[in-house]
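To keep things clear, I will list the structure first and then write my remarks on it.
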């Protein structure tokens with residue numbers, strides 16, 4: 004006994020065969036109708052041709068017989084033949100064309116002017132309808148292409164807006180000023196597809212440019228002197244107008260000849276001044292696609308990032324800086340000293356600490372007033388910064404006492420650095436401080452070195468402090484290197 008699935012398969016096969024036979028019969032019927040129609044048209048055409056031939060012969064005979072009534076009969080017969088011919092060869096094909104067009108168009112066309120015969124009237128409007136259909140099709144293709152291009156532009160604009168938004172968030176992170184400058188250049192170059200980027204600051208007094216940062220192929224050769232004092236300089240023109248400037252083919256001796264496209268974005272940074280973001284590239288194809296709104300958005304992000312970074316640095320300086328002298332405060336010094344000792348031990352490099360104290364400072368305050376004492380502190384701070392290197396950490400440790408951190412400096416070298424500071428102050432007669440001409444400023448200095456003297460911060464500072472008090476005990480105005488007999492003092 005066959006399963007249910009087998010029975011269903013047989014039923015579907017039978018249905019498929021029946022459907023195939025039905026379609027075959029339909030095709031045979033259509034072919035038969037077509038052959039019959041062709042045969043009928045051929046027969047009709049033969050009869051019409053024979054009738055026209057007979058009519059021509061009769062007309063010739065009648066004309067020869069000169070009988071009017073015979074001529075009239077012949078003409079009527081000829082008219083009937085011609086009418087039948089037009090009906091067969093013109094109106095019937097036109098009627099068939101109209102019927103097929105009506106089925107094709109679904110009757111969606113207007114009726115025509117009643118002055119014409121139905122077939123001609125409908126044919127004329129069918130032609131008009133077909134023209135309208137083709138025109139509408141062409142318009143539809145044009146509209147579709149236009150919409151596609153508009154959509155592509157909108158999508159590109161959306162991507163650019165999203166990219167600018169991401170760049171803005173990255174730029175405006177709470178970072179120190181110099182790190183923000185590097186990030187602004189990096190993100191801007193990437194977004195603008197630029198080969199080179201620079202951030203320039205215009206000095207309000209000298210009108211000269213200084214480079215805040217550079218990135219790209221020209222970093223090693225670029226100088227701010229490339230911005231000439233001429234009106235055609237794109238950077239100066241952009242800052243003067245306050246508008247984003249695009250130039251092509253601008254001549255600059257420091258730029259390779261292939262870099263012919265420049266984009267300058269001027270920004271006015273609060274409490275800093277006029278700045279400009281300059282990017283150059285070999286092709287301006289990408290920047291030409293950027294709208295003014297996109298570039299203005301980038302401009303706002305750059306301005307905001309640099310302003311926030313400058314404020315961040317200002318607040319950070321207030322936290323770690325002594326307001327009177329401008330030196331670092333004790334907290335910052337101790338934090339950095341701990342980091343530097345770890346680095347010193349890790350890389351096996353020497354690290355020295357100087358402890359400095361102004362001699363007889365209490366007498367300055369008591370005799371000449373606290374304002375004079377403050378000016379003395381500021382004078383000592385300036386002298387120290389003038390002698391010390393940029394990596395050195397100089398701080399006001401408290402009262403009239405100062406501390407200096409000298410990375411990668413052995414004890415003997417630190418001793419000479421301290422001696423230069425001491426001698427600078429001792430040999431100089433300062434005016435305008437409120438001190439008598441015969442009174443000068445002197446320092447006592449103690450020096451200790453890691454890892455020779457100690458490897459722990461508190462111990463290192465304590466040893467330098469002990470060396471300082473040795474200098475005080477031995478007569479002031481001298482430098483003492485811990486664990487050494489070296490002394491140097493200026494005679495009174």
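Residue numbers (this note's numbering): 4 to 495.
The beta carbon of each residue, even a glycine, is placed where N, CA and C say it ideally should be.
Pairwise C-beta distances place the region 466-485 in contact with the region 435-452, as three or more of them are shorter than 8 angstroms. If the five residues before and after residue 438 are omitted, its C-beta is found closer than 7 angstroms to the C-beta atoms of 371, 375, all from its own chain and listed in chain order. In this structure, residue 174 keeps its C-beta atom at 8 angstroms or more from the C-beta atom of residue 192. In this structure, the alpha-carbon of residue 397 lies about 31 angstroms from that of residue 188. In the assembly as shown, residue 348 is an exposed residue. Its beta-carbon has fewer than 16 other beta-carbons within 10 Å. Straight-line measurement puts the Cα of residue 441 at about 8 angstroms from the Cα of residue 432.
The straight-line gap separating the alpha-carbon atoms of residue 298 and residue 269 is approximately 11 angstroms.
Using a C-beta cut-off of 8 angstroms, the region 319-326 makes no contact with the region 412-421, since fewer than three inter-stretch Cβ pairs fall below that distance.
Spanning the alpha carbons of residue 344 and residue 405 requires a straight line of approximately 19 angstroms. Every alpha helix (DSSP H) of 4 residues or more that sits fully in the region 269-325 is shown, in chain order, as 288-292, 295-323.
The shortest C-alpha to C-alpha distance from residue 205 to any of 186, 241, 196 is the one to 241.
Taking a contact as a CB-CB distance under 8 angstroms, the pair residue 309 and residue 278 counts as one, their CB atoms being some 7 angstroms apart. Going by beta carbons, residue 284 and residue 264 fall inside the 8 angstroms limit.
Around the beta carbon of residue 342, fewer than 16 other beta carbons sit within 10 angstroms, so the residue counts as exposed.
Within the model, the alpha-carbon separation for residue 306 versus residue 339 is close to 31 angstroms. A direct Cα-Cα distance of roughly 20 angstroms separates residue 181 from residue 211. Rounded to the nearest angstrom, the Cβ distance from residue 178 to residue 186 is 7 angstroms, consistent with a contact under 8 angstroms.
In the structure shown, residue 148 falls within a helical segment according to DSSP collapsed to helix, strand and coil. By the C-beta density criterion, residue 461 is exposed, having fewer than 16 other C-beta atoms within 10 angstroms. In the DSSP assignment, residue 370 falls within the alpha helix (DSSP H) that extends over 364-371. Separation of residue 378 and residue 280 (C-alpha to C-alpha, rounded to the nearest whole angstrom) is 41 angstroms.
Counting only residues of its own chain and dropping the five nearest sequence neighbours on each side, residue 475 has a CB closer than 6 angstroms to the CB of 447.
Taking 8 angstroms as the cut-off, the Cβ atoms of residue 411 and residue 353 count as close. Taking 8 angstroms as the cut-off, the beta carbon of residue 480 is found closer than this to the beta carbon of residue 425.
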